[in-house]
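All residue numbers for the sequence shown refer to UniProt numbering, where the first residue is 1 and numbers rise by one.
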Amino acid sequence: MRDTLVLNASFEPLSTVTLNRAVVLVLQDKAVVEHSHPALRVRAAAVELPVPRVIRLCRYVRVPFRRQAPWSRRGVLVRDQHRCAYCGRRATTVDHVVPRSRGGADDWLNTVASCAEDNHRKADRTPEQAGMPLLHQPFVPTPADAMLLALRAGERSSLPEWLGRHGGHRAERHPLAPAA
Ligand SMILES: [Zn+2]
């Protein structure tokens with residue numbers, strides 16, 4: 001499909017993203033267009049621009065995962081943006097959905113970020129046994145996920161904690177929606 005290649009500020013290729021996501025990054029001044037389609041144009045908000053084929057991030061981001069994304073506790077916390085999978089509050093620990101004592105693996109699909117309280121409360125049980133449903137399903141992060149998480153992490157660290165908590169929803173409106 002018409003995915004856009006994303007380069008780091010250092011010109012190192014990071015991943016591909018959807019056209020919509022590429023346009024958002026350009027409109028938010030987080031990336032510049034390096035190459036665009038010679039003929040196709042896209043209407044985004046109130047402006048029209050060539051369809052970007054390659055964009056480059058304005059600021060260098062340190063991507064938290066390698067391409068194959070080996071599992072790590074830190075990686076799980078970054079993937080889940082330090083939000084507890086059971087209550088949504090700040091998470092500092094990693095919980096095994098199927099406990100290790102019951103054969104649960106150390107992998108992306110069996111681990112979620114958890115606050116210490118919920119991790120302790122769930123103890124040696126599955127979510128069903130504990131009556132603690134997951135707010136979202138764990139997933140194996142793609143290179144695009146890793147890059148977008150790195151961009152968001154950079155935003156949050158430059159904002160006060162109380163503001164950063166709500167900052168994730170800004171400018172997330174559909175880029176190709178007609179201007180209001
Ligand atoms: Zn919790």
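Note that the Cβ used here is the ideal one computed from N, Cα and C, for glycine as well.
Given a threshold of 16 other Cβ atoms within 10 Å of its Cβ, counted over all protein chains shown, does residue i qualify as buried or as exposed?
{"i": "residue 92", "result": "exposed"}
{"i": "residue 86", "result": "buried"}
Hey, would you say the C-beta of residue i is under 7 Å away from at least one heavy atom of ligand 1?
{"i": "residue 118", "result": "yes"}
{"i": "residue 89", "result": "yes"}
{"i": "residue 114", "result": "yes"}
{"i": "residue 58", "result": "no"}
Helix, strand or coil for residue i? Go by DSSP, reduced to three states.
{"i": "residue 138", "result": "coil"}
{"i": "residue 145", "result": "helix"}
{"i": "residue 10", "result": "coil"}
{"i": "residue 31", "result": "strand"}
{"i": "residue 26", "result": "helix"}
{"i": "residue 2", "result": "coil"}
Tell me, which residues are paired with residue i by DSSP?
{"i": "residue 49", "result": "42"}
{"i": "residue 57", "result": "31"}
(request) Tell me the start and end of each unbroken alpha helix (DSSP H) in the UniProt domain "HNH nuclease" (71–120) that is at least 4 residues and wholly inside, in chain order. (result) 73–79
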